[in-house]
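Engineer:
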Amino acid sequence: MLALLGLAMVVVFTFLIMTKRLSPIVALTIVPIVFAVIGGFGGTTGKMMLDGLKMVAPSAALLLFAILFFGLMIDSGLFDPLIRKILKRVNGDPMKIAVGTALLSLTVALDGDGTTTYMITCAAMLPLYKRIGMNPMILATISMLSLSIMSGMTPWGGPATRAIAALGLDAGAYFVPLLPTMIGGAAWVVFTAFLLGRAERKRIGNVQLQSGGSDCYIKAILEDTPHKRPKLAYVNLMLVTAVMVALVMGIMHSAILFLIGFVLALMINYPQLDIQKERILAHSGNAMTVVLLVFAAGIFAGIFSGTKMVDALAQTLVDWIPPSWGHLFPLVVAITSMPLTFVLSNDAYYFGVVPILANAAAAYGIDPVEIARASILGQPVHLMSPLVASTLLLVGMVDRDLGDFQRATFKWAVLTSLVVTALALLTGALTLFS
2 MLALLGLAMV VVFTFLIMTK RLSPIVALTI VPIVFAVIGG FGGTTGKMML
52 DGLKMVAPSA ALLLFAILFF GLMIDSGLFD PLIRKILKRV NGDPMKIAVG
102 TALLSLTVAL DGDGTTTYMI TCAAMLPLYK RIGMNPMILA TISMLSLSIM
152 SGMTPWGGPA TRAIAALGLD AGAYFVPLLP TMIGGAAWVV FTAFLLGRAE
202 RKRIGNVQLQ SGGSDCYIKA ILEDTPHKRP KLAYVNLMLV TAVMVALVMG
252 IMHSAILFLI GFVLALMINY PQLDIQKERI LAHSGNAMTV VLLVFAAGIF
302 AGIFSGTKMV DALAQTLVDW IPPSWGHLFP LVVAITSMPL TFVLSNDAYY
352 FGVVPILANA AAAYGIDPVE IARASILGQP VHLMSPLVAS TLLLVGMVDR
402 DLGDFQRATF KWAVLTSLVV TALALLTGAL TLFS
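When we follow this note's numbering, the leftmost residue of the sequence shown carries the number 2, and every step to the right adds one.
1) Below 8 Å CB to CB, which residues in the same chain sit around residue 51 once its five sequence neighbours on both sides are set aside?
2) Going by alpha carbons, who is nearest to residue 151 out of 48, 188, 400, 173?
3) Tell me where the alpha helix (DSSP H) around residue 76 begins and ends.
4) In three-state DSSP terms, what is residue 405?
5) Where does residue 348 sit, in a helix, a strand or coil, going by DSSP?
6) Here's the rule: buried if 16 or more other CB atoms are within 10 angstroms of the residue's CB, otherwise exposed. What is residue 413?
7) If I follow the unbroken alpha helix (DSSP H) through residue 155, where does it start and stop?
8) Go through the region 79-105 residue by residue and report every complete run of the alpha helix (DSSP H) that reaches 4 residues or more, in order.
9) Using the rule of at least 16 other Cβ atoms within 10 Å of the residue's Cβ for burial, across every protein chain shown, is residue 374 buried or exposed?
10) What would DSSP say about residue 430, mapped onto helix, strand or coil?
11) Are at least three pairs of beta-carbons, each pair with one atom in the region 331-342 and one in the region 134-143, less than 8 Å apart?
12) If I follow the unbroken alpha helix (DSSP H) through residue 294, where does it start and stop?
13) Do the CB positions of residue 133 and residue 93 come within less than 8 Å of each other?
14) In terms of residue numbering, what span does the alpha helix (DSSP H) encompassing residue 118 cover?
15) Pairing CB atoms from the region 32-50 with CB atoms from the region 284-301, are three or more of them under 8 Å?
16) Where residue 263 and residue 202 are concerned, what is the direct C-alpha to C-alpha distance, given to the nearest angstrom?
17) Examine the ligand ADP and report whether any of its heavy atoms sits within less than 7 Å of the Cβ of residue 143.
18) Look at the Cβ atom of residue 391, then the Cβ atom of residue 119, and state whether they are nearer than 8 Å.
19) Under 8 Å between C-beta atoms, does residue 200 make it to chain C?
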């Protein structure tokens, strides 16, 4: 009964936002409350919602301060040299722009942080997309797929870190056999960008932009503003590097690191109080929209977890797997990770569901490390979920609706998951016969 109720809740929610019957914030809040009441949990719904808000509060704080921090870095012109080189190389060719987007986002995503990846990639490429009339959804799709490969598979990325911790595995034993899959996945993202860019070139043509003189497109995109601080470029670069190194090393919680980074960036670049207030207000609209969505997602996750719907769905899945499929268990986990990670947060899936799957697989003599590798192969689909904070940021940055984003990325996300699953099987990261 609970499993059916949970499935119905997810289906209704997805239908409402994809058909634009409700906004994501409203749907994330109202739908789980209604289903909790239907399931007889009305008396404890308030507590479950509060638990959900507590659960996502660190993510909300992280996004708030990361948006402000990178917003200031973009304002100061820190990324202008990198953006200038990319813009000069790709000019107005949609195919080159899409491939350049893939190479940039794959590189930035190596740090494992979605917020960083999306903010830098969008800052570099979105003005060019708008300049020549390219669909910003291509930028969003490529950025999301890049993050799913580079952050999704590396041991320092969130999903793999959780899987390794939940199953008590060695990071090297997990990662080394997965490297060929990761490289192949990155190549697939570049190929996807090529296909999307080629289709866009057919639609709008190859736009030749003026690369010199007063009408230079690079100068227009990287317009000089009173907020640029070129003389502080090296100081800002050291600050960003210090924050990212501390983030990877886990010295402090990421929200605290970005808070400290934001405060230092504000003091260094804009010491005048009136300019500080102006810069904060300039980025507060984007930050507030994302934070509200994150808290709404917390209500959804809190009720989904607190009512035990998620546990019922996971157990039903395990019960439905026939014993004769035992040798196929890693493949089953890889395929089912797509829908499960879409409806669950990474914490709920990797700490709640993956141990159940690993224990079930052990009965068939399958090593838990294979279950860990299989569990991260659905990350391209996971990153479409409204429960992913950085995805909400990406949707906001390209100024599109979440339902539109899901419709545009669904095919490519599923294809990418299937491709990396096939690569894992071909390279031996996953085995079907022990």
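Beta carbons are placed, not taken as given, at the ideal position from N, Cα and C, and that holds for glycine.
Structural biologist: Answer, in terms of the structure:
1) By the criterion of a C-beta distance shorter than 8 Å, residue 51 is surrounded in its chain by 303, once the five residues flanking it on both sides are discounted.
2) Ranking 48, 188, 400, 173 by Cα distance to residue 151 puts 188 first.
3) Counting along the chain, the alpha helix (DSSP H) containing residue 76 begins and ends at 46-77.
4) It is helical.
5) Looking at residue 348 - three-state DSSP - the assignment turns out to be helix.
6) Answer is buried; the Cβ neighbour count reaches 16.
7) Looking at the DSSP string, residue 155 is not in any alpha helix (DSSP H), and its letter there is neither H nor E.
8) Runs found: 81-91.
9) So residue 374 ends up on the buried side.
10) The answer is coil: DSSP assigns residue 430 none of H, G, I, E or B.
11) The region 331-342 is not in contact with the region 134-143.
12) Its alpha helix (DSSP H) spans residues 274-307.
13) The answer is yes: Cβ separation under 8 Å.
14) Its alpha helix (DSSP H) spans residues 115-133.
15) Taking a cut-off of 8 Å on C-beta distances, the region 32-50 touches the region 284-301, as three or more cross pairs fall below it.
16) When rounded, the distance between both Cα atoms is 39 Å.
17) Among the components of this structure there are no ligands whatsoever, and the ligand ADP is therefore not found.
18) Remark: C-beta atoms of residue 391 and residue 119 approach each other more closely than 8 Å.
19) Looking for chain C here will not work: only one protein chain is present.
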